[in-house]
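Quick note: to get the numbering used here, add 58 to the position in the sequence shown (first position is 1).
Backbone N, C-alpha and C define an ideal beta-carbon position, used for all residues, glycine too.
For reference, the structure is listed below as structure tokens.
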Amino acid sequence: MTSPTSNESTTSPADRARTLSALHAAPEILRVVNVWDVVSAKAILALPETRAIATAGHSIAATFGYPDGTLPFELTLDMVGRIVEAAGDVPVTADLDDGYEDTGETTRRAIGVGIVGANIEDRLRPVAEAAARVEAVVAAGAAEGVPFSLNARTDAFVRGGGRPVDESIADAIERGRAYLAAGADIVFVPGVLDADVTRRLVEGIGERKVSVIGLPGALTAAEYEALGVARISYGPTTQRVALTALQDVATSLYADGVIPASTRALN
């Protein structure tokens with residue numbers, strides 16, 4: 059049954075998956091502003107620049123009171139399904155943590171609620187094992203008739219344990235190539251990546267095949283685009299911006315302030 063927040067889709071999941079893959083391959087970097095619930099998605103969907111919606115697993119987990127990476131799949135699936143309903147024809151790519159126990163079954167169920175792409179973390183599993191989990195995602199998409207757009211994440215930097223950067227680069231490249239060979243669309247390498255590191259990753263993994271995260275201290279989207287990066291997302295930082303604004307206005311109200319006149323009715 060259609061929910062009151064839905065925006066009726068006129069395209070198939072397969073069409074939306076192809077749209078997402080085309081956005082990854084385009085010369086212009088795909089900028090996705092991460093959302094965590096229906097109202098945050100609707101605020102981003104209202105902007106004409108929005109080409110795709112990406113959910114933030116960390117932010118959804120925080121919404122339900124869970125630490126990052128521990129949110130039960132059923133809660134993830136419920137929330138991302140609601141976001142898909144709100145998104146209509148705009149493709150939605152979801153953060154599915156590490157894919158849970160069975161990445162193929164996780165993908166099948168995600169497609170069932172309209173998800174057409176995802177981030178799935180390797181958590182530095184052995185390369186062959188991680189690549190097999192990528193293959194299971196791609197196979198599940200094919201079985202459902204959806205060319206699922208996997209943004210295969212490698213934790214080569216964020217779980218590198220302080221090892222030399224050259225080792226993390228080499229690891230990310232090895233893993234990235236393996237995941238692309240297994241059918242991933244692009245490779246997500248989170249971390250604060252400077253121009254030199256980014257250039258080496260793009261050279262090793264491929265032009266328009268690397269996805270990055272925009273964090274304080276990182277390059278701008280335009281700078282990453284010039285280096286051949288396919289996509290930039292912002293993870294939990296967008297929710298942190300919203301919560302900072304909430305806390306700041308609350309502090310003002312406790313001090314006898316008023317709601318700013320510039321506040322927009324976005325809900």
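With DSSP collapsed to three states, give me the class of residue i.
i: Phe246; result: strand
i: Arg211; result: strand
i: Ser269; result: strand
i: Ala120; result: helix
i: Ile102; result: helix
i: Pro318; result: coil
i: Asp254; result: helix
Pull up the distance between the alpha-carbon of residue i and that of residue j, whole angstroms please.
i: Arg322; j: Pro130; result: 34 Å
i: Glu159; j: Glu283; result: 35 Å
i: Gly219; j: Pro125; result: 20 Å
i: Met59; j: Asp153; result: Residue placement at Met59 cannot be trusted, given a pLDDT of 38 that sits under 50; the coordinates are not used to answer.
i: Thr108; j: Ile227; result: 31 Å
i: Ile317; j: Thr69; result: 40 Å
i: Thr151; j: Ala145; result: 11 Å
i: Gly304; j: Arg266; result: Checking the sequence, you will find Leu at residue 304 rather than Gly. Roughly 37 Å between the two C-alpha positions.
i: Glu281; j: Glu225; result: 24 Å
i: Ala84; j: Ala308; result: 42 Å
i: Ala313; j: Gly139; result: 40 Å
i: His82; j: Ala75; result: 11 Å
i: Ala239; j: Thr278; result: 29 Å
i: Asp156; j: Ile244; result: 16 Å
The beta strand (DSSP E) spanning residue i covers which residue range?
i: Thr151; result: 150-153
Ordered along the chain, which non-local residues of its own chain (more than five positions away) have a Cβ less than 6 Å from that of residue i?
i: Leu324; result: Ala101
i: Asp229; result: Ala214
i: Gly262; result: Ile231
i: Asn177; result: Asp153, Asn209, Arg211, Phe246
i: Val97; result: Asn325
i: Gly11; result: Nothing in the structure corresponds to residue 11, since the chain is present only between 59 and 325.
Among the residues of its own chain, which have a CB less than 7 Å from the CB of residue i, if the five just before and after it don't count?
i: Gly203; result: Ala72
i: Trp94; result: Thr113, Ala114, Ser117, Ile118, Thr121, Gln297
i: Asp180; result: Ala188, Arg211, Thr212, Asp213, Arg233
i: Thr77; result: Pro149
i: Ser320; result: none
i: Val91; result: Ile102, Tyr292, Thr296
Note the first and the last residue of the continuous alpha helix (DSSP H) segment covering residue i.
i: Ser70; result: Run containing Ser70: none; DSSP gives neither H nor E here.
i: Gly139; result: 131-145
i: Ile231; result: 223-239
i: Ala201; result: 185-201
i: Val299; result: 295-312
Kindly identify the DSSP beta-bridge partner or partners of residue i.
i: Leu88; result: Arg289
i: Val93; result: Thr113
i: Ala176; result: Ala152, Leu208
I want to see whether chain B comes within less than 8 Å of residue i, judged by CB atoms only; does it?
i: Ala303; result: Looking at the structure shown, chain B is missing, and only one protein chain is on hand.
For residue i, I'd like the list of residues in its chain whose CB is within less than 8 Å of its CB, leaving aside the five on either flank, ordered along the chain.
i: Glu86; result: Glu283
i: Ala300; result: Ser98
i: Leu135; result: Arg167, Ala168, Val171
i: Val216; result: Pro248, Gly249
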